[in-house]
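Student: Sharing a structure with you now.
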Amino acid sequence: MPARAKKFTGATREAVLGAVRAGVSLEDSCRGLGVSCRTVSNWLSRGRREGSGPFADFARDVERARADHEREVAERGLGSADLLRLLERAARRGSVQAARFLVERLDRERAGGRESNPSHPGGFDELARRRQPGAA
């Protein structure tokens, strides 16, 4: 019986990978994408089980993205300001989803663990407006 793969799109795959590369947890990535963590966990389990195919590629890429992020943090001794600079660079390259996840995560940490509103002053939407060419 073939597994449902309707949510397993190239865009979803790239958004999860971008978020993981930026240091965002899978849980936060899933929440931001509107995909259940169980679904993504099933994709990863299926990939590890199958060994080849799109789910296996995804599982390997997630592990590689985690390792790349951990290595970069360890090599650079990165703090929050450094991570934000990396996110800005990722956003300039088009990985806006990854940037959004981390900005919201950092905002939630600043708010003592409460869910944040990314539209409030200083949230992701405000950051994106300020970063637009020609924006005030």
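Residue numbering for the sequence shown follows my numbering, beginning at 1 and increasing consecutively.
The C-beta atom is built at its ideal place from N, Cα and C for all residues, glycine as well.
Could you spell out the range, first to last residue, of the alpha helix (DSSP H) harbouring V20?
Tutor: As a first step, residue 20 is located in the sequence shown; it is residue number 20 there, counting from the start. Its alpha helix (DSSP H) spans residues 10-21.
Student: Here's the rule I'm using: 16 or more other beta-carbon atoms within 10 Å means buried, otherwise exposed. How should T9 be labelled?
Tutor: Taking the sequence shown and counting its residues from 1, the one referred to as residue 9 is at position 9. Exposed is the call here.
Student: Under 9 angstroms between C-beta atoms, does W43 make it to chain D?
Tutor: In the structure shown, chain D does not exist; there is a single protein chain.
Student: How far does the alpha helix (DSSP H) with G45 in it reach, from first residue to last?
Tutor: Within the sequence shown, residue 45 is the residue found at index 45, counting from 1. What sits at residue 45 in the sequence shown is Ser, not Gly. Where S45 is concerned, the enclosing alpha helix (DSSP H) stretches over 37-50.
Student: Use the C-beta contact count for A90: other C-beta atoms within 10 angstroms, 16 or more gives buried, fewer gives exposed.
Tutor: Locating residue 90 in the sequence shown gives position 90, where the first residue counts as 1. Buried.
Student: Using the Cβ count rule (16 or more neighbours within 10 Å means buried), how would you classify G18?
Tutor: Taking the sequence shown and counting its residues from 1, one reaches residue 18 at position 18. The residue in question, G18, is buried, as its Cβ has 16 or more Cβ neighbours within 10 Å.
Student: Can you tell me the Cβ-Cβ gap for R22 and L87, rounded? I've got them flagged as a contact below 8 angstroms.
Tutor: Taking the sequence shown and counting its residues from 1, one reaches residue 22 at position 22. Taking the sequence shown and counting its residues from 1, one reaches residue 87 at position 87. This sequence places Ala at residue 22; Arg is not what is there. Contact flag correct, Cβ pair sits at about 6 angstroms.
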